[in-house]
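Contents: one structure, followed by commentary.
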Amino acid sequence: MTETTQTTSLPLPGRVGRQRRWRVLPIIEVAVLVIAVLLPFVLKDYLTIYATRVLILCLFALSFDLVWGYAGIMSFGQAVFFGTAGYGVALIARDLGVTSILLVLPAGLLIGFAFALLLGGFLLLGRHPSSVIFVSLGTLTGSYAADRVARGWYYLGGQNGIPSIPPMTLGSYDITEGPVYYYMTLGILLAVYLLCRFLVRSQFGLALAGLRENEQRIAFFGYQVQRLKAIIFSFAGAVAGLAGSLYAFHEGFVWPNMLGVVISTQVVLYVLFGGSGTLIGAVIGTVAIEAVSFWLSNSYQDIWPIILGVLLLLVILFRPAGLVSLILSERERVGNFGRLPEEGDRGSS
Amino acid sequence: MDNLFVALFEILSFGAIVVLVVLGLGIIASMMGIFNFAQGEFVLLGAYVTYIVHSAGAPVWIGMAAAPFVVGALGFVLERSIVRRFYAAPIVAMLGTYALGLIIREIVRGLIGGLYLSVPEPLGGSVNIGTMHFSSWRLVIILITALVMIGSYLLLARTAFGLRIRASLENPALARASGISTNAIYGATFAFGAALAGLAGALIVPVFSLFADLGLRFLIQGFVAVMVGGVGSFAGPVAGAGVIGTLAAALPWIIPPVIADVLVFVLAIIFIKFRPQGLISGKGV
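Listed in order, the protein sequences are those of chains A and B.
Under our numbering, the residues of the first sequence are numbered 927 to 1275, in order.
Under our numbering, the residues of the second sequence are numbered 6 to 290, in order.
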């Protein structure tokens, strides 16, 4: 009896919310998914192709959101993994003639993972814990260096990159741009999103969020801080690699910009604008920026980057949690992590 | 023998350019703890001001003299209105100044288009010693760099104003308690750093010509140099700039330029990894 009264008088913070009102986050997520599924029915063909590109960029944005929004690792070089995977699958298609989706996508994923493991392992592991400035500078330099190398390397096509990559194939079927590619990308994005969602809401995600908020305290709890960072960095690299290989086959060519500082910072813009630290924020930010950019690109092409910069500055100054925080409460944005050990007991009693 | 001297001169003049760019960055990073990602764009602005004055028909050197003041004034305004909000959070400062840099870069891009605009050297010709030719303008850059370096050092180490800056750096709370307005000091320091970048941009525009992404390359180079040299002191960033500038200028004589360019950065990052405090550790001037 006493135990029951205790449970009702001291409920978990999450429970009150669940009883009182709807949770907003799942509604947003489902709404975005429904819109994404229905979109090709209303869009013209060339817009479906554009939308596919945006979905691929969403996947890329997720990878940055994982490292910055969750683990607090400032990566100004996320395009390295995006671009190397793109170049990798392009070379596989060009030189080995392999275009089967069952081979090239895992290959892209692995390339992204391997490069992220190398770069992240070097920057994040070691005797001295790395400062945030060092990591951001190191990743930025990595991106700049990769861009330069790709531009100067004849085998990779130099300035022009690798043109006319053959389409991806599944058996004898060519997966060309259009609704099929769109739904395939959407499926992959959804799968990766759900995986990330599971990951960041687990106890592992809690440790990551702790890293972001107070790294030292997490270290005192006995976590291998640097190893955690290297793990999430490599995982994010794999996601970026997947996005890069999808992008390469969708566009049909790869070029040095894919590796460079411009794309690296573009993805920073997406995530900060949409709201870092929420997965849906990365998606919303990407879609918002790309949609407005498409809409404005005809008439205001010159001033759009300036507006983008001003928006970013305003968001950083006044809305550090991004667009999503306009409709999402702070409690829900931070979220809850896995199941507390006693939560199950309380539920059954 | 003559070739060696010419090579050395090239290396020295490029090293001087890097030092000039890094000095402002280093002062802001060391004295305020802010990694100013807009510094490259301050360089760009300095170059742009010079170009504007030149295209208005005035002599180039007037533009060069005006550039540090214009950019310094803008730096002061930006510090007062925006950058001062970032002091509590260095990472946010990085992103915020990056956004500022983006805005400046895109405005300049909008104004000049995707063009490469050239500005003539105010002092043409070359100094000839025997059979060797040294470009006069590069000599002037070396000279001005040396003067600016000595001047900045004296300002920070020997004047009352420098003392206040150092006091605000070492112990802001105590400095405020002693009646130093740390706010005003930070504003002035930021403006000074920006003015140095503007001067750098003005001086190098005849060598590199003006294009919108001019600053980006110097930004990365500058940051690497500051980290190699060590944040917190005056000598650190200068030493780092010397090393990076020398390497960046010397390596292309030995190995292909593309590899050299990348190799400098890779070597620098590896160096910082194993010696995070940089070449010269410690605070102060």
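Each residue gets a CB set at the ideal place from its N, CA and C atoms; glycine is no exception.
Out of A/S1251, A/Q1227, A/L1243 and A/H1176, state which residue places its alpha-carbon closest to the alpha-carbon of A/G1211.
Position 285 of the first sequence, counting from 1, holds the residue named residue 1211 of chain A. Measuring from the Cα of A/G1211, the nearest candidate turns out to be A/S1251.
Proximity winner among B/S183, B/A21, B/A12 and B/E46, relative to B/G220 (alpha-carbon distances):
If you number the second sequence from 1, residue 220 of chain B lands on position 215. Of the listed residues, the one whose Cα sits closest to B/G220 is B/E46.
Delimiting residues of the beta strand (DSSP E) encompassing A/L1022
Working through the first sequence from its first residue, we reach residue 1022 of chain A at position 96. It is not in any beta strand (DSSP E) - A/L1022 carries neither H nor E in the DSSP assignment.
Taking its Cβ as the centre, do 16 or more other Cβ atoms sit within 10 Å of B/N41, making it buried, or is it exposed?
Position 36 of the second sequence, counted from the start, is the residue given in the question as residue 41 of chain B. That one is buried.
Proximity test, Cβ basis, 8 Å: A/L1243 and chain B:
Locating residue 1243 of chain A in the first sequence gives position 317, counting from the first residue. Chain B contact via Cβ: present.
Once the 5 residues before and after B/L174 are set aside, which same chain residues still bring their CB inside 6 Å of it?
The residue labelled residue 174 of chain B in the question sits at position 169 within the second sequence. These residues qualify, in order along the chain: M36.
For A/V1194 and B/E84, the rounded distance between their alpha carbons:
Position 79 of the second sequence, counted from the start, is the residue given in the question as residue 84 of chain B. Position 268 of the first sequence, counted from the start, is the residue given in the question as residue 1194 of chain A. Computed Cα separation, rounded: 23 Å.
Could you give the first and the last residue of the continuous alpha helix (DSSP H) run that contains B/S141?
Here residue 141 of chain B is taken as the residue at index 136 of the second sequence, counted from 1. From DSSP, the alpha helix (DSSP H) with B/S141 extends over S141 to R163.
With distances taken Cα to Cα, identify the nearest neighbour of A/Q1150 among A/G1136, A/I1114 and A/G1163.
Locating residue 1150 of chain A in the first sequence gives position 224, where the first residue counts as 1. Closest by alpha carbon: A/G1136.
Report the neighbours of A/L1071 on chain B: residues whose CB is nearer than 7 Å to its CB, in chain order.
Walking along the first sequence from the start, residue 1071 of chain A turns up at place 145. It is Ala, not Leu, that sits at residue 1071 of chain A in the sequence shown. Those are V267, F270 and V271, listed as they occur along chain B.
Count the other CB atoms, across all protein chains shown, that sit within 10 Å of the CB of A/L964; report buried if there are 16 or more and exposed otherwise.
Reading the first sequence from its first residue, position 38 is the one you call residue 964 of chain A. Per the 10 Å Cβ criterion, exposed.
Of the residues A/A1033, A/Y1080 and A/Y1107, the one placed nearest A/P966, counting alpha carbons only
Within the first sequence, residue 966 of chain A is the residue found at index 40, counting from 1. Comparing Cα-Cα distances from A/P966 to each of A/A1033, A/Y1080 and A/Y1107, the minimum goes to A/Y1107.
Pick helix, strand or coil for A/R1272, following the three-state DSSP scheme.
Translated into positions along the first sequence, residue 1272 of chain A becomes position 346. Residue placement at A/R1272 is flagged as unreliable, the pLDDT there being 43, under the threshold of 50; a coordinate-derived value is accordingly withheld.
Indicate the three-state DSSP secondary structure (helix, strand or coil) for A/M1000 in the structure shown.
Numbered from 1 along the first sequence, position 74 holds the residue referred to as residue 1000 of chain A. A/M1000 falls in the coil class under three-state DSSP.
List, in order along the chain, the chain B residues whose C-beta lies closer than 7 Å to that of A/I1232?
On the first sequence, position 306 is the one that residue 1232 of chain A refers to. Those within 7 Å of A/I1232 in chain B are I108, E111, I112 and G115.
CA-CA distance, A/D1100 and A/S1090?
Position 174 of the first sequence, counted from the first residue, corresponds to residue 1100 of chain A. Position 164 of the first sequence, counted from the first residue, corresponds to residue 1090 of chain A. In a straight line, the C-alpha of A/D1100 is about 14 Å away from that of A/S1090.
Under 8 Å, CB to CB, which of the residues in the stretch 91–106 of chain B have a partner in chain A?
P95, I96, V97, M99, L100, G101, Y103, A104 and L105
Which residues of chain A have a Cβ atom closer than 8 Å to the Cβ of B/M232, listed in chain order?
Translated into positions along the second sequence, residue 232 of chain B becomes position 227. Near B/M232 (Cβ distances below 8 Å), the residues of chain A are I1059, F1060 and L1063.
Counting only runs of 4+ residues fully inside the stretch 1154–1212 of chain A, write out the alpha helix (DSSP H) ranges in chain order.
1187–1200
Which residue marks the beginning of the alpha helix (DSSP H) containing B/N8, and which one marks its end?
As a working mapping, residue 8 of chain B is identified with position 3 in the second sequence. Element bounds for B/N8: D7 to M37.
Is DSSP giving A/V956 helix, strand or coil here?
On the first sequence, position 30 is the one that residue 956 of chain A refers to. Three-state result, A/V956: helix.
Going by the beta-carbon positions, is the gap between B/G77 and B/A196 smaller than 8 Å?
For this step, residue 77 of chain B is matched to residue 72 along the second sequence. For this step, residue 196 of chain B is matched to residue 191 along the second sequence. Cβ distance < 8 Å, so B/G77 and B/A196 count as in contact.
Residues bridged to A/M1094 [DSSP beta-bridge criterion]:
The count along the first sequence starts at 1 and reaches residue 1094 of chain A at position 168. Bridge partners of A/M1094: A/I1101.
Is the CB-CB distance between A/L1205 and A/D991 below 8 Å?
Taking the first sequence and counting its residues from 1, the one referred to as residue 1205 of chain A is at position 279. Taking the first sequence and counting its residues from 1, the one referred to as residue 991 of chain A is at position 65. Going by C-beta atoms, A/L1205 is nearer than 8 Å to A/D991.
Which of helix, strand or coil does DSSP assign to A/H1054?
Taking the first sequence and counting its residues from 1, the one referred to as residue 1054 of chain A is at position 128. Residue state, collapsed to three classes: coil.
In whole angstroms, give me the CA-to-CA distance for A/Q932 and B/A94.
Counting from 1 along the first sequence, the entry for residue 932 of chain A is found at position 6. Counting from 1 along the second sequence, the entry for residue 94 of chain B is found at position 89. Here the model assigns A/Q932 a pLDDT of 43, short of 50, so the residue's position is not dependable, and the following value carries that caveat. Those two C-alpha atoms are separated by around 41 Å.
According to the Cβ coordinates, are B/V233 and B/I260 closer than 8 Å?
Taking the second sequence and counting its residues from 1, the one referred to as residue 233 of chain B is at position 228. Taking the second sequence and counting its residues from 1, the one referred to as residue 260 of chain B is at position 255. No, Cβ-Cβ distance for B/V233 and B/I260 is not below 8 Å.
Do B/A244 and B/I285 count as a contact pair if the criterion is CB distance below 8 Å?
Translated into the one-based positions of the second sequence, residue 285 of chain B becomes position 280. Translated into the one-based positions of the second sequence, residue 244 of chain B becomes position 239. Contact: yes.
Straight-line gap, A/L1049 to B/V58 (C-alpha atoms, nearest Å)
Here residue 1049 of chain A corresponds to residue number 123 of the first sequence, with the count starting at 1. Here residue 58 of chain B corresponds to residue number 53 of the second sequence, with the count starting at 1. Computed Cα separation, rounded: 44 Å.
Is A/E1256 buried or exposed, if buried means 16 or more other CB atoms sit within 10 Å of its CB?
By 1-based counting over the first sequence, the position of residue 1256 of chain A is 330. A/E1256 is exposed by the Cβ-count criterion.
In chain A, which residues lie less than 8 Å from B/I155 when you measure between Cβ atoms?
One-based indexing of the second sequence puts residue 155 of chain B at position 150. Within 8 Å Cβ-Cβ: nothing; B/I155 doesn't reach chain A, min ~29 Å.
Extent of the continuous beta strand (DSSP E) run through B/V132
Locating residue 132 of chain B in the second sequence gives position 127, where the first residue counts as 1. Looking at the DSSP string, the run of the beta strand (DSSP E) that includes B/V132 is S131 to I134.
At least one CB of chain A closer than 8 Å to the CB of B/S286: is that the case?
Here the question's residue 286 of chain B lines up with position 281 in the second sequence. B/S286 does not count as touching chain A.
Who are the neighbours of A/F1175 on chain E, taking C-beta pairs under 8 Å?
The structure shown contains no chain E; its protein chains are A and B.
Mind checking if B/V23 is an interface residue toward chain A, Cβ cutoff 8 Å exclusive?
Within the second sequence, numbered from 1, the residue matching residue 23 of chain B stands at position 18. Not closer than 8 Å to any Cβ of chain A, the Cβ of B/V23 fails to qualify, so no.
If I follow the unbroken alpha helix (DSSP H) through B/P73, where does it start and stop?
As a working mapping, residue 73 of chain B is identified with position 68 in the second sequence. That run of the alpha helix (DSSP H) goes V65 to S86.
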